Amino acid sequence: MPNFDGGHYFLTVLAPVRNDTVASDDGVPISCEQALRGELARLPTALQSRVSVTSGLNSPFARNKRTHFARFSVISDVIYNGRNPSDAIFNAVTGTNPIIPQPVDRLTSPFLLAAFDFDVPRSGDDERDGYLRELWGDMSEELKAVFQFCTGFERVTDGASFADYIAKCQVETTMPFNDYWITPPPLPEFNLTPWKLGIAITAAIFVISLLISLCGLFGGDVASWRISGMMPSWLSWWGLTLIGLVATVVVIWLLYRAVMAAGLKPFPTAPDSDLKSVLKAIFLQQRFVEFVVEHQGKDAAALYAGFGAFLEQYQPSNPDGPTQTPGVISTPRGEAK
Amino acid sequence: MIRDLNLADIQGNIVRAYGSFGFAKARYFFLHIEDAAAGRKFVDTVREKVTTAERWALGGSEHKGKASFVKRPNVTLNIAFTFRGLLALDLPTRTLQALPDEFIEGMARRNHILGDTNESAPEKWDEIWRNSISADGKNQVHLWISMNALINAKGEVTSELETQTTWLRELCKSNGGVRLLKGHGPDGLDFQEGGADLIPVGDGTVRPSNREHFEYADGFGNPVFQGQYETEIEKEAVIGRGKIMPDQSWQPLAVGEFILGHPDESQGLPEASKPWEFTRNGTFMAYRKLHENTKSFVDYLDRMAEQYAAVMEVGVEEARETVKAKLVGRWANGVPLNVAPTYADKLAFDKKWKGKEDTREYGTALRDFKFADDLEGFQCPVSAHMRRANTRDMLDPRITSTKPSDWAGSALNKRRRILRRGLPYGSFEKGARDDNAEHGIIFIAVCASLFRQFEFVQQQWMQYGLDFNVGNETCPIIGNHGRDPDAGEHGTQSNFVIASDPKTGKPPFVCPNLPQFVTTRGGDYFFLPSMTALSMIAMGSIDPT
Numbered sequence: 002m003p004n005f006d007g008g009h010y011f012l013t014v015l016a017p018v019r020n021d022t023v024a025s026d027d028g029v030p031i032s033c034e035q036a037l038r039g040e041l042a043r044l045p046t047a048l049q050s051r052v053s054v055t056s057g058l059n060s061p062f063a064r065n066k067r068t069h070f071a072r073f074s075v076i077s078d079v080i081y082n083g084r085n086p087s088d089a090i091f092n093a094v095t096g097t098n099p100i101i102p103q104p105v106d107r108l109t110s111p112f113l114l115a116a117f118d119f120d121v122p123r124s125g126d127d128e129r130d131g132y133l134r135e136l137w138g139d140m141s142e143e144l145k146a147v148f149q150f151c152t153g154f155e156r157v158t159d160g161a162s163f164a165d166y167i168a169k170c171q172v173e174t175t176m177p178f179n180d181y182w183i184t185p186p187p188l189p190e191f192n193l194t195p196w197k198l199g200i201a202i203t204a205a206i207f208v209i210s211l212l213i214s215l216c217g218l219f220g221g222d223v224a225s226w227r228i229s230g231m232m233p234s235w236l237s238w239w240g241l242t243l244i245g246l247v248a249t250v251v252v253i254w255l256l257y258r259a260v261m262a263a264g265l266k267p268f269p270t271a272p273d274s275d276l277k278s279v280l281k282a283i284f285l286q287q288r289f290v291e292f293v294v295e296h297q298g299k300d301a302a303a304l305y306a307g308f309g310a311f312l313e314q315y316q317p318s319n320p321d322g323p324t325q326t327p328g329v330i331s332t333p334r335g336e337a338k
Numbered sequence: 042m043i044r045d046l047n048l049a050d051i052q053g054n055i056v057r058a059y060g061s062f063g064f065a066k067a068r069y070f071f072l073h074i075e076d077a078a079a080g081r082k083f084v085d086t087v088r089e090k091v092t093t094a095e096r097w098a099l100g101g102s103e104h105k106g107k108a109s110f111v112k113r114p115n116v117t118l119n120i121a122f123t124f125r126g127l128l129a130l131d132l133p134t135r136t137l138q139a140l141p142d143e144f145i146e147g148m149a150r151r152n153h154i155l156g157d158t159n160e161s162a163p164e165k166w167d168e169i170w171r172n173s174i175s176a177d178g179k180n181q182v183h184l185w186i187s188m189n190a191l192i193n194a195k196g197e198v199t200s201e202l203e204t205q206t207t208w209l210r211e212l213c214k215s216n217g218g219v220r221l222l223k224g225h226g227p228d229g230l231d232f233q234e235g236g237a238d239l240i241p242v243g244d245g246t247v248r249p250s251n252r253e254h255f256e257y258a259d260g261f262g263n264p265v266f267q268g269q270y271e272t273e274i275e276k277e278a279v280i281g282r283g284k285i286m287p288d289q290s291w292q293p294l295a296v297g298e299f300i301l302g303h304p305d306e307s308q309g310l311p312e313a314s315k316p317w318e319f320t321r322n323g324t325f326m327a328y329r330k331l332h333e334n335t336k337s338f339v340d341y342l343d344r345m346a347e348q349y350a351a352v353m354e355v356g357v358e359e360a361r362e363t364v365k366a367k368l369v370g371r372w373a374n375g376v377p378l379n380v381a382p383t384y385a386d387k388l389a390f391d392k393k394w395k396g397k398e399d400t401r402e403y404g405t406a407l408r409d410f411k412f413a414d415d416l417e418g419f420q421c422p423v424s425a426h427m428r429r430a431n432t433r434d435m436l437d438p439r440i441t442s443t444k445p446s447d448w449a450g451s452a453l454n455k456r457r458r459i460l461r462r463g464l465p466y467g468s469f470e471k472g473a474r475d476d477n478a479e480h481g482i483i484f485i486a487v488c489a490s491l492f493r494q495f496e497f498v499q500q501q502w503m504q505y506g507l508d509f510n511v512g513n514e515t516c517p518i519i520g521n522h523g524r525d526p527d528a529g530e531h532g533t534q535s536n537f538v539i540a541s542d543p544k545t546g547k548p549p550f551v552c553p554n555l556p557q558f559v560t561t562r563g564g565d566y567f568f569l570p571s572m573t574a575l576s577m578i579a580m581g582s583i584d585p586t
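Chains as they are written, first to last, in our numbering: chain A, 2 to 338; chain B, 42 to 586.
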């Protein structure tokens, strides 16, 4: 299930937005879609872009220590791509009249897209629900402010009911994005050779018997052409053609099943790819560059002492030790604790 | 099929870097059009003097027996337009609106993409450029006219340069609707001068050098495209200057990378406006005045040389030359680190070629290398200026594969090439180094798409380092090294890492907190039309329907 991949859960949610109106802060009636867009515009983003980096108002998702990425978006409607393309000659033959409009696909309401990527130890709905309960504890006020404009959210009262609500709105993530492998991951080999052999044999039976059967149509005495000891007397060449065809289709179908089954296996978890470790790594990189610059050219004794102090101060193997807080672009030296 | 280029329709500065044809001095004029009709008349007069790309009869073996060659002029003239210039000339809206976004916006409004912040911010540019972007619009730069002039053996510039300058000034006066703009620097001139360093040979004569003010030889990697050279010359010229094919051979780049209206490296036609005849055989140009802080550079280099000498246990002179070479990727005289990786190699290379520096073979030797054998940057650091500007085969994602059929050559580089057509400016007097002296480089980049080529190289490769695994470190030479003023305490100053082969037992060396070596003093984006388009502009006959 691609919802879980590489040690991370990729949660995709499509929550229908209410079609009614609400009062804006100024008392003007506005649609729920407008109100939702306003709420999202006010929701602080992480302090990681030119406009936000010094704002001091961090994203509420930064309170959670498992969330790698979180994004909201409003989908007003599907994009209309125009009439289905068709061929003029085909239309003439089938009597299709291009003046008659085709139906236009529309969504019944706007949808709120929510996508969260977070650390989980294993696949499963329980892990997803555990995260959602945790998130509710971290930022229930902000979640309420956003989701209040979605259909059915009025029933959500606590972490458990929030998890239930999200589960109902979940759609499968079919293309998760893994970016934490810095070396090629250990992937199992898929051996195609026996499959190729199987398809070659069954297809050969089909093609050869078909050719022989066709000879029969043009007057050849194919009934007397037998593979001695291997073809029972009741089996005609046409029968063998059919068997070859069915066998080929079955082998290709089995191959398809095997490929899809292999594709559904989750990608292995990259080492140290949980949020805490990633933040620690980013933090250490910054401190280590400073260390190298300051100790460049120093003698062995000074380097030894300096690195000892570095290890003690920054505790590289302790992800809970001095580290970077979530949602910031860097940790300036003065803030490193 | 490769069709011969219509060289008589293409402006000469696209196909030729005049500096390498003996034109060691240049004047760049900027003009403002006050009246569309007068502007068209002006263009019509100037049009007759424009130097095209037609081949010159130089008398060399290259052109023997071809009668069609024209005589080389003593002074060239080329003309280009900003978007606001085309607007001032009353071009049709449909033609104007389909021009590329970055060209419409102009260089100053693209400053965050280009890294022109801090000391390079547009509000700190030369007066002419500050006037150009001021809200009143009265001194907008509309036209660019360049003159490149030959020098004689003594280094004296041909008198025709002054004659032609006077002609241009008189033309502005008599025309009445077009005005020359001032404010290029401290001298109050109505043009920006440019000129190569002229090095005395010893017998009273001089030779123009390709050195800029940090004393690096410059301009080796200028791309070669189909039809630029005759077949015989092309074979050797493409080495190190063309594109690398999957079979690792060198081929000229597609014309459409540099000239509009021709297929490009994506096997499509480059994006351009309507009508077809207006953009075909024309192209775009980025003009930038890049100031060089020579004192900061030399002081920093001296400081790093001492540290490098101590860490690597080499002499200070060797350390100085080595650090200087690592910053760029070439030794100061242009010999690439990938050809001569160590100081000893460099001395041996110089010795081998002594007295043969004028030969074509020497020129080829300075370009004939790839990065496949140096992916870690032990020879040429991955963040060096040259590696950033032209990544050659380095970004081939399958470069380490043992199967040649996997290789992609320079597939991720061939759409990011620019033709370099500038010259240094300012005095080369070797007096006291001074950051405030008026000197630097007139950087001119010619390409079919400023966005895809010039801006991409500038933003992603010069002002960022992700493609080279160096995070947000910028180019050690031309990069913006300062803290982003908007990032507060989160802004970082740029470092430069010199990787060290673990086999040597020496540690890598970090050049920390790079000072600002190069600052932008102004510039803009220009359209360099074909001769056909120039006459369409002059006649007011552009019909986009």
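We put the CB at the ideal spot given by N, CA and C, even for glycine. Just so you know, these numbers come straight off a predicted model, no measurement behind them.
Residue burial classification, residue i (beta-carbon count within 10 angstroms, cutoff 16)
| i | result |
| --- | --- |
| R123/A | exposed |
| Y257/A | exposed |
| N172/B | buried |
| F70/A | exposed |
| D6/A | buried |
| F598/B | Nothing in the structure corresponds to residue 598/B, since chain B is present only between 42 and 586. |
| S215/B | exposed |
| Y305/A | exposed |
Where the beta strand (DSSP E) through residue i begins and ends
| i | result |
| --- | --- |
| T561/B | 559-569 |
| D231/B | Counting along the chain, D231/B falls outside any beta strand (DSSP E), and DSSP gives it neither H nor E. |
| Y466/B | 464-467 |
| N92/A | From DSSP, N92/A is part of no beta strand (DSSP E) but of the alpha helix (DSSP H) over 89-95. |
| P241/B | 238-241 |
| W317/B | Note, W317/B: premise wrong, no beta strand (DSSP E); alpha helix (DSSP H) at 317-320. |
| S74/A | 68-76 |
| Y10/A | 9-17 |
| G481/B | 480-488 |
Span of the alpha helix (DSSP H) around residue i
| i | result |
| --- | --- |
| C213/B | 201-216 |
| C216/A | 194-218 |
| W170/B | 168-174 |
| D126/A | 126-148 |
| V54/A | Neither: V54/A is in no alpha helix (DSSP H) and is coded neither H nor E. |
| Y81/A | It is not in any alpha helix (DSSP H) - Y81/A carries neither H nor E in the DSSP assignment. |
| N152/B | 152-155 |
Residue from the options with nearest C-alpha to residue i
| i | options | result |
| --- | --- | --- |
| V219/B | P241/B, G80/B, E496/B | G80/B |
| I51/B | E362/B, H531/B, R321/B | R321/B |
| R19/A | V250/A, Y315/A, F5/A, I76/A | I76/A |
| C151/A | V23/A, T174/A, M232/A, P320/A | V23/A |
| G245/A | F308/A, S32/A, L211/A | L211/A |
| P102/A | P111/A, L108/A, P86/A | P86/A |
| H254/B | L301/B, R282/B, H332/B | H332/B |
| V56/B | T324/B, P304/B, P422/B | T324/B |
| F338/B | C552/B, L48/B, Y328/B | C552/B |
| E362/B | V380/B, Y384/B, A351/B, N379/B | Y384/B |
| G581/B | R474/B, A58/B, D45/B, T136/B | T136/B |
| F308/A | V290/A, P320/A, T184/A, Q325/A | V290/A |
Expected contact under 8 Å - CB spacing of residue i and residue j to nearest Å
| i | j | result |
| --- | --- | --- |
| D565/B | G147/B | 5 Å |
Identified DSSP bridge partners for residue i
| i | result |
| --- | --- |
| I74/B | V219/B |
| Q52/B | T93/B |
| E333/B | V559/B |
| C552/B | F537/B |
| A327/B | A486/B, Y566/B |
Residue i CB to nearest heavy atom of the ligand HEM below 8 Å
| i | result |
| --- | --- |
| E203/B | With respect to the ligand HEM, the structure offers nothing, as it holds no ligand at all. |
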